[in-house]
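If you use this note's numbering, the sequence shown corresponds to residues 628 to 839, in order.
See structure below.
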Amino acid sequence: MLPIASALRSNAHRAVGVRAFAAPSLDAAHRPPIDLYGLHARYANAVYTAASKVNALEKVEGELLALKETAAKSKDFSHFLVNPLISRDAKEKNVIALLKDKTTPTTLNLMTTLAGNARLSELPKIVDTFQELMKAKRGEVEAVIISAEPLSKSQAEAVSTAMKTQVAKGKKVIISTKVDPSIGGGLQVQIGDQFLDLSVTSRIDEIGRITV
Numbered sequence: 628m629l630p631i632a633s634a635l636r637s638n639a640h641r642a643v644g645v646r647a648f649a650a651p652s653l654d655a656a657h658r659p660p661i662d663l664y665g666l667h668a669r670y671a672n673a674v675y676t677a678a679s680k681v682n683a684l685e686k687v688e689g690e691l692l693a694l695k696e697t698a699a700k701s702k703d704f705s706h707f708l709v710n711p712l713i714s715r716d717a718k719e720k721n722v723i724a725l726l727k728d729k730t731t732p733t734t735l736n737l738m739t740t741l742a743g744n745a746r747l748s749e750l751p752k753i754v755d756t757f758q759e760l761m762k763a764k765r766g767e768v769e770a771v772i773i774s775a776e777p778l779s780k781s782q783a784e785a786v787s788t789a790m791k792t793q794v795a796k797g798k799k800v801i802i803s804t805k806v807d808p809s810i811g812g813g814l815q816v817q818i819g820d821q822f823l824d825l826s827v828t829s830r831i832d833e834i835g836r837i838t839v
């Protein structure tokens, strides 16, 4: 039995016509670093475990990101993924022809499993979920700074330094910036699952709610 197929059965529903997988006992060293649930997580968790066992997490991550990017840029590939008129067998054969000897067995196994389960259309979201697991493994916390105008280098550095004090020791803050003139001024900061609104617009809204 292939690694992902083996790893997924513990989480997959045993339904007729759907490939189900029986999970091996998981060594703690290969368990996903955070608990995620749902359809996309079932596949992402299985890929993580399978890739970890062969020391190929970063390699698989790169392959999956490349497939997601191809789906976003290539109309033909995107159509192939989502087209329900192409049979499962045909999709599986096409996936093998496209990826065999060009990707790790883990990535190929995922793609053929998705084809067999008529789930290739879910690939982008599965990749996003796998990315969540990899970021957690690396101790990365995403932070987004939204400002009305582009921040200067010194401003960005000051905000970055302040944000790093808000995460646990050992965590790495990955910062990105966005410009949104509609906030009027000030900043909006999203770090992890926390949101801080220091924009002028929010302050005006607060004033508007004051009863005199």
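Where is the CB? At the ideal position from N, CA and C, for every residue including glycine.
Keep in mind the model is a prediction, meaning the values are calculated, not measured.
Per DSSP, reduced to three states, the secondary structure at T730 is coil, with no helix or strand assignment.
Boundaries around T788 are those of the alpha helix (DSSP H), K780 to K791, since no beta strand (DSSP E) includes it. As the crow flies, the alpha-carbon of S705 is around 33 Å from that of V800.
Per DSSP, A671 is one residue of the alpha helix (DSSP H) stretching across L666 to K680. T731 places its beta carbon less than 7 Å from that of A683. Residue burial annotation: I773 is buried, with at least 16 other C-beta atoms found within 10 angstroms of its C-beta.
Where E749 is concerned, there is no enclosing alpha helix (DSSP H), because DSSP gives it neither an H nor an E. By the 16-neighbour rule on beta-carbons within 10 angstroms, Y664 is exposed. Secondary structure note for A770: its beta strand (DSSP E) is the uninterrupted segment E767 to S774. In the three-state scheme derived from DSSP, where H, G and I count as helix and E and B as strand, V794 is classed as coil.
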